[in-house]
Amino acid sequence: MSSPEINSTQQDIDTPPTPLAPAEKGSSLWRDAWHRLQKNKMALLGLVVMVAMCIIALLTPWITVYGYEEQNLLLGASPPSAAHWLGTDTLGRDLLTRILYGSRISLAVGFIATAVALLIGVIYGTVAGYMGGRIDAAMMRLVDILYALPFMIFIILLMVIFGRNILLLFLAIGAVEWLTMARIVRGQVQSLRQQEFVEAAVSIGLGPWAIIRRHLIPNTLGPVIVYTTLTIPSVMLLESFLSFLGLGIQPPQSSWGLLISYGVETMEEYPWLLIFPGLALSLTLFALNFLGDGLRDALDPRASKD
Amino acid sequence: MARFIFMRLLQAIPVLLVVITVTFFLVRLAPGGPFSAEKAVPPEVLKALEARYHLDQPVVNQYLSYLGDLARGDFGPSFKYPGRSVNEMIAAGLPATTELGLYAMCFALLIGASAGVIAALKPNSAQDYIPMSTAMLGICLPSFLLGPLFMLVFGVWLEWLPVSGWGDIPGDKILPALTLASGYTAYIARLSRGGMLEVMSQDYIRTARAKGLPEWKVVLKHGLRGGMIPVIAFIGPAFAGLLSGSFVVETIFQIPGLGRFYVQAAFNRDYTMIMGTTVLFATLIIFFNLLADIVAVWLNPRLRDLYRGKGA
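Chains A and B supply the protein sequences, listed in that same order. Be aware that the first sequence starts at 1, since it is given in our numbering, and climbs by one per residue. Be aware that the second sequence starts at 307, since it is given in our numbering, and climbs by one per residue.
This is the structure:
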């Protein structure tokens with residue numbers, strides 16, 4: 001079971017120039033990628049914004065002055081002021097506090113649902129790509145069929161019928177988003193499977209699961225990371241959209257989609273109630289999209305634009 | 307080619323069957339029926355209602371009879387609006403949805419393709435960055451945020467355009483169409499930029515320049531033809547997405563289209579209406595994807611050979 005050595009010697013002897021199997025050292029791909037990413041200012045900015053946002057979201061209960069349900073009916077809706085930096089809503093609740101608490105939910109949904117998609121997609125894609133032949137054809141046909149389903153409509157249906165349960169929301173979103181991941185991973189695995197280090201692993205008697213776990217999945221990480229970064233914003237978008245329709249997060253909890261839908265109701269009198277939650281959502285989506293684009297250029301130079 | 311189309315049409319049948327079956331049983335699995343919301347319905351009336359819509363029969367029988375009706379093109383009666391059939395309601399909603407989708411498509415193609423071409427002419431300059439950052443904005447601003455913002459800015463503050471309605475006041479279709487188009491505009495801009503960049507570095511473009519053609523002619527006559535292929539391939543899925551994704555915009559701008567009906571039907575547990583719209587949307591999506599594949603094969607001779615070799 002000395003497969004790691006086999007793996008590395010194999011790569012030292014012959015150097016198939018694949019984007020994922022680096023020529024000299026195991027770490028050079030990641031170091032190169034990091035250098036390339038550092039040159040991309042927008043992507044770095046996106047990374048910084050995301051890290052900051054996650055830290056603030058984690059610390060929210062300790063850094064906020066008001067509770068997210070704390071009402072001040074005498075105050076009502078007030079524009080931004082020194083006491084309430086982003087103003088208050090019609091019940092006199094502090095908008096900044098509600099946006100911060102909303103960020104916890106929105107980010108959590110984004111990360112957890114993406115993780116669900118990642119798990120299903122990577123396993124499914126790897127198995128299909130590794131097995132090949134008829135099993136692969138059948139598995140990918142299923143993906144094709146699922147692609148053709150009107151998913152938005154199914155999610156709405158699911159949420160209406162089975163109640164607005166946050167766990168179901170994760171599952172429903174994850175179940176939609178794994179399809180593309182499975183396709184990407186399958187393509188990667190298919191090309192990796194032809195390579196000699198896999199043959200070597202087979203020849204020393206490793207079982208398919210060990211090969212998949214030790215050799216194939218680690219080598220698909222690059223594209224998977226890129227696609228994951230791009231999935232998180234689309235998942236967050238889906239969540240806010242469902243919450244906007246009243247099908248996602250339920251009050252008194254707050255999420256950005258919910259805040260936006262409240263904001264829309266009163267936007268003519270109190271525009272800040274729409275604008276600030278909207279800004280929070282778009283800033284996050286911006287940061288993640290720029291980061292994802294940057295990572296794609298960094299990890300897969302061949303696919304970069306120029 | 308005919309064989310390819312035929313095979314793809316055959317493949318569409320199981321997909322549609324899956325959609326129908328899953329939706330049918332999903333709706334019936336749900337707690338609460340279409341008549342449970344009504345207050346104080348005497349048990350006899352409820353029974354009569356259920357008998358009238360065959361809800362008292364075993365689910366399998368309901369399923370088979372629904373499939374039979376569907377094969378004859380009959381979506382059945384609406385559960386919530388007595389006396390109206392789902393066919394009538396779809397016929398009432400489809401024109402607005404299609405019209406909105408067409409306008410949005412036109413906006414997306416016009417704005418997106420021009421932005422992409424302009425950006426590709428001078429890569430990595432301000433002429434590239436400004437349209438492409440704007441395109442990023444289109445991707446990152448969801449329609450349920452962009453729509454209200456448009457209403458607020460152009461309708462309420464500037465008072466340039468009406469904020470709601472459909473065909474009542476001139477100009478009331480502009481904001482919804484722009485909102486719906488935004489994401490697709492951005493995507494088309496990216497696609498056409500990529501396509502143009504690739505084409506403009508080809509040898510035949512250099513030849514065209516060498517023979518002394520003015521630059522605008524090189525771009526419009528020789529560049530566009532190849533550079534727009536990715537965009538054309540995207541039109542099919544985009545149109546499917548525009549039609550089935552319009553319920554946000556329809557809800558925000560209060561447009562009497564199919565999407566708004568669908569959301570209402572889902573909330574009302576209007577079984578037949580949910581089924582009808584889902585089947586219709588699925589058919590549209592499959593149809594436009596098929597169309598996109600056919601166009602892609604037709605545009606790219608290499609793919610054509612591939613299919614011929616495989617299909618024979």
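No residue lacks a Cβ here, since even glycine has one placed at the ideal position from N, Cα and C. A quick note: this is a predicted structure, and the numbers were derived from the prediction, not measured.
Quiz item: For residue 64/A versus residue 97/A, is the C-beta distance shorter than 8 Å?
Solution: yes
Quiz item: With a CB to CB cut of under 7 Å and the five nearest residues on each side skipped, what residues in its chain are close to residue 487/B?
Solution: 410, 413, 414
Quiz item: Do the region 291-299 of chain A and the region 129-137 of chain A meet, that is, are 3 or more Cβ pairs less than 8 Å apart?
Solution: Counting Cβ pairs under 8 Å, fewer than three are found: no touch.
Practice problem: Below 8 Å CB to CB, which residues in the same chain sit around residue 322/B once its five sequence neighbours on both sides are set aside? | Solution: 585, 588, 589, 592
Exercise. Tell me whether residue 569/B is buried or exposed, calling it buried when 16 or more other Cβ atoms sit within 10 Å of its Cβ.
Key: So residue 569/B counts as buried.
Quiz item: Beta carbon of residue 598/B, beta carbon of residue 542/B: below 8 Å?
Solution: yes
Practice problem: Report the neighbours of residue 169/A on chain B: residues whose CB is nearer than 9 Å to its CB, in chain order. | Solution: Listed along chain B is no residue with a C-beta nearer than 9 Å to that of residue 169/A; the closest approach is about 16 Å.
Self-check item: CB contact below 8 Å: residue 436/B versus chain A
Solution: no
Quiz item: What do you reckon, are the CB atoms on residue 455/B and residue 110/A nearer than 8 Å?
Solution: no
Quiz item: Under 8 Å between the Cβ atoms of residue 286/A and residue 86/A?
Solution: no
Exercise. Could you say which of 182/A, 142/A, 157/A, 38/A lies nearest to residue 228/A if we only look at CA atoms?
Key: Closest in C-alpha terms to residue 228/A, from the list 182/A, 142/A, 157/A, 38/A, comes 182/A.
Quiz item: Can you find a C-beta in chain B that's less than 8 Å from the C-beta of residue 49/A?
Solution: no
Quiz item: Would a check of beta-carbon distances place residue 421/B closer than 8 Å to chain A?
Solution: no
Self-check item: the region 310-323 of chain B: positions lying closer than 9 Å to chain A by Cβ
Solution: 317, 318, 320, 321, 322
Exercise. Please determine, among 408/B, 504/B, 438/B, 357/B, the residue with the shortest C-alpha to C-alpha distance to residue 494/B.
Key: 438/B
Quiz item: Touch check for the region 110-125 of chain A and the region 171-178 of chain A: three-plus C-beta pairs under 8 Å?
Solution: yes
Quiz item: Between the region 442-452 of chain B and the region 541-559 of chain B, are three or more C-beta pairs nearer than 8 Å?
Solution: Yes: the two stretches touch, three or more of their Cβ pairs being nearer than 8 Å.
Practice problem: Starting from residue 297/A, follow the alpha helix (DSSP H) in both directions and report where the run begins and ends. | Solution: 272-299
Quiz item: For residue 568/B and chain A, any beta-carbon pair shorter than 8 Å?
Solution: yes
Exercise. With DSSP as the reference, label residue 94/A as helix, strand or coil.
Key: Note: residue 94/A maps to strand in three-state DSSP.
Practice problem: Give the residues of chain A in contact with residue 450/B, contact being defined as C-beta atoms less than 9 Å apart. | Solution: In chain order: 240, 241, 244, 245, 257, 260, 261, 264.
Quiz item: Count the other CB atoms within 10 Å of the CB of residue 159/A; is the residue buried (16 or more) or exposed (fewer)?
Solution: buried
Quiz item: Grouping DSSP H, G and I as helix and E and B as strand, with all else coil, what is residue 371/B?
Solution: DSSP places residue 371/B in helix when its eight states are reduced to three.
Quiz item: Can the beta-carbon of residue 324/B be found less than 8 Å from the beta-carbon of residue 145/A?
Solution: yes
Quiz item: Using the C-alpha atoms, what's the distance from residue 363/B back to residue 572/B?
Solution: When rounded, the distance between both Cα atoms is 22 Å.
Practice problem: Examine the ligand MG and report whether any of its heavy atoms sits within less than 7 Å of the Cβ of residue 286/A. | Solution: The model depicted lacks the ligand MG and carries no ligand whatsoever.
Self-check item: Cutoff 8 Å: residue 477/B Cβ touching any chain A Cβ
Solution: no
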